[in-house]
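Residue numbers (the working numbering), protein chains in the order written: chain A, 65 to 311; chain B, 343 to 596. Yeah, the Cβ is synthetic: ideal placement off N, Cα and C, and Gly gets one too. Quick caveat: nothing in here was measured; it's all calculated off a predicted structure.
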């Protein structure tokens with residue numbers, strides 16, 4: 065069943081088309097990736113999905129409800145963690161609840177109940193500047209999750225992290241996603257990351273950006289440890305590369 | 343403490359040099375009294391000085407509190423309405439080019455010799471750094487963070503409360519520190535130009551008596567009061583923003 069459906073979205077800025085007729089679906093529990101070059105309109109699409117930007121044409125449906133141009137339904141997480149430096153981790157994470165009108169004490173309680181699950185135990189009273197990049201991303205993810213339990217939009221969430229931290233957080237993310245039944249739509253320009261994590265990959269290419277193909281990664285979950293070294297992995301990468309070169 | 347050592351030594355050296363210059367007769371005592379004489383004057387007149395200092399401090403605090411409140415009010419309005427920003431900002435700048443010494447006598451003419459004209463003058467000099475600091479802070483807010491809060495359904499009021507206002511605190515405190523220093527100086531100037539009590543009044547009296555040691559004593563005292571007020575602001579800053587004074591900060595990954 066589709067959780068999120070983007071139907072025929074087109075966007076232009078000052079008469080220049082940025083996105084043309086983009087349709088994307090996300091099913092329950094799926095991890096779907098939008099892969100494309102930087103500046104190809106990926107972030108614009110996310111702004112449309114989160115309701116911050118009204119598209120010229122098309123619709124965004126969340127559980128069949130039309131949320132086009134209406135913020136407050138789906139939040140997102142960026143490469144920048146955007147944790148507010150003047151709030152403790154606990155209060156940062158609880159922010160979406162406060163914005164929704166939940167009382168402070170109750171919001172803290174709901175937030176701290178999930179700290180262990182997200183590997184953040186013991187950081188409740190710390191300030192963002194006291195956490196490492198990887199931990200901050202976890203906190204940012206927990207904040208996104210507390211906002212909407214169904215869909216997570218991630219815009220190059222891990223690209224600022226170093227390789228080792230990145231692969232650790234990949235494994236952690238897949239694991240946590242499984243446990244909390246999260247559906248994820250994420251943007252990346254990193255082919256390895258896309259193949260490693262995704263159930264399906266949409267290629268967004270060209271000017272204006274269009275979905276030129278959809279690649280299904282058949283590899284079952286949980287993925288084996290050495291999937292990224294297997295011939296199948298390379299096969300997927302080759303297919304993507306060919307598609308990107310001759311769309 | 344170690345970081346303050348060079349400054350303490352420098353001040354001590356200056357005082358010693360000054361003392362030597364006076365004692366050796368290099369500078370005549372009637373032109374520049376020695377620091378020891380100044381401290382003696384400070385001690386001898388302590389009761390009177392304390393009385394006047396209390397008046398000055400009271401004016402400075404009233405003016406500062408009102409100035410900050412008005413500054414905050416202006417900043418919020420100007421941030422909320424772009425038209426207001428364009429209309430009022432040049433006037434604010436203009437208001438700061440008017441010399442304080444020129445309007446202080448006018449204020450005395452209009453409002454008398456009591457506390458009111460002094461407080462008004464202090465408001466005029468203190469609201470500006472606060473407004474400018476806050477406006478800068480509001481405007482420097484991360485646009486991605488605004489987008490994030492909007493995506494979570496926050497409207498303008500909540501974005502202000504949870505994001506803009508706390509983000510502007512560092513700039514606000516920079517402005518407040520300047521305002522605190524201005525407030526004492528402003529109080530003294532306006533007392534100087536007309537009043538019955540306060541360090542400025544004391545100053546005019548000892549000046550007409552050519553009591554230079556007392557003159558310097560009161561200057562020292564004014565500096566001390568300003569410094570104390572600024573220290574109080576710093577203390578408040580640390581209380582309000584503990585996250586900026588952590589020992590185990592990690593590098594900000596940006």
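- The stretch 556-570 of chain B and the stretch 390-398 of chain B touch, with no fewer than 3 CB-CB distances between them shorter than 8 angstroms.
- Nearest in C-alpha terms to residue 456/B, of all of 543/B, 547/B, 522/B, 580/B, is 543/B.
- Three or more Cβ pairs drawn from the stretch 89-107 of chain A and the stretch 248-267 of chain A lie within less than 8 angstroms of each other, which places the two stretches in contact.
- Residues of the stretch 477-500 of chain B with a C-beta less than 8 angstroms from any C-beta of chain A: 484, 486, 487, 489, 490, 491, 492, 493, 494, 495, 496, 500, listed in chain order.
- Just measuring C-alpha positions, the residue of 274/A, 252/A, 92/A, 178/A sitting nearest residue 218/A is 252/A.
- Only 139, 140, 141, 142, 144, 145, 146, 148, 149, 150, 151 from the stretch 139-151 of chain A bring a Cβ to less than 9 angstroms from some Cβ of chain B.
- Excluding residues up to 5 positions away in sequence, 83, 85, 86, 87, 109, 112, 119, 121, 122, 123, 124 lie with their Cβ nearer than 8 angstroms to the Cβ of residue 73/A in the same chain.
- Residue 584/B and residue 478/B have their C-alpha atoms some 21 angstroms from each other.
- Fewer than three Cβ pairs drawn from the stretch 482-489 of chain B and the stretch 420-434 of chain B lie within less than 8 angstroms of each other, which leaves the two stretches out of contact.
- Using beta-carbon distances, residue 273/A does not count as an interface residue toward chain B, since no partner is under 8 angstroms.
- With at least 16 other beta carbons inside 10 angstroms of its own, residue 257/A counts as buried.
- In the DSSP secondary-structure assignment, residue 445/B is not bridged to any residue.
- Inter-residue distance for residue 160/A and residue 107/A is about 21 angstroms (C-alpha atoms, whole angstroms).
- By the neighbour-count criterion, in which a residue is buried when 16 or more other Cβ atoms sit within 10 angstroms of its Cβ, residue 298/A is exposed.
- Residues of chain B with a Cβ closer than 9 angstroms to the Cβ of residue 116/A are, in chain order, 489, 492, 493.
- Taking 7 angstroms as the Cβ-Cβ cut-off, the stretch 189-203 of chain A approaches chain B at 191, 193, 194, 195, 196, 197, given in chain order.
- A straight-line Cα-Cα distance of about 38 angstroms links residue 551/B and residue 436/B.
- Straight across, the Cα-Cα distance linking residue 221/A with residue 201/A is about 8 angstroms.
- Here residue 273/A is bridged, per DSSP, to 83/A.
- Within 9 angstroms of the CB of residue 504/B, the CB atoms of chain A belong to 148, 151, 159, 162, 163, in sequence order along the chain.
- For residue 439/B, the uninterrupted alpha helix (DSSP H) segment begins and ends at 424-439.
- Straight through space, the alpha carbons of residue 140/A and residue 66/A are spaced by roughly 19 angstroms.
- With a threshold of 8 angstroms between beta carbons, residue 136/A makes contact with chain B.
- In this structure residue 454/B is not in contact with residue 516/B, their Cβ atoms being roughly 35 angstroms apart against a cut-off of 8 angstroms.
- Within chain A, no C-beta atom comes less than 7 angstroms from the C-beta of residue 587/B; the nearest is roughly 10 angstroms away.
- Where residue 289/A is concerned, there is no enclosing alpha helix (DSSP H), because DSSP gives it neither an H nor an E.
- Boundaries of the beta strand (DSSP E) around residue 123/A: 121-126.
- Taking every protein chain shown into account, the CB of residue 452/B has fewer than 16 other CB atoms within 10 angstroms, so this residue is exposed.
- The DSSP assignment places 153-157, 159-163, 168-176 as complete runs of the alpha helix (DSSP H) inside the stretch 136-182 of chain A, in order along the chain (cut-off: 4 residues).
- In the three-state reduction of the DSSP assignment, residue 519/B falls in the helix class.
- Setting aside the 5 residues that flank it on each side, residue 142/A is surrounded in the same chain by 219, each with a C-beta closer than 6 angstroms to its C-beta; the list follows chain order.
- Spanning the alpha carbons of residue 525/B and residue 390/B requires a straight line of approximately 21 angstroms.
- Across the set 468/B, 461/B, 473/B, 442/B, the C-alpha of 473/B shows the shortest separation from the C-alpha of residue 430/B.
- With respect to the C-alpha of residue 461/B, the residue from 369/B, 357/B, 405/B having the closest C-alpha is 405/B.
- About 19 angstroms separates the Cβ atoms of residue 146/A and residue 137/A, ruling out a contact at the 8 angstroms cut-off.
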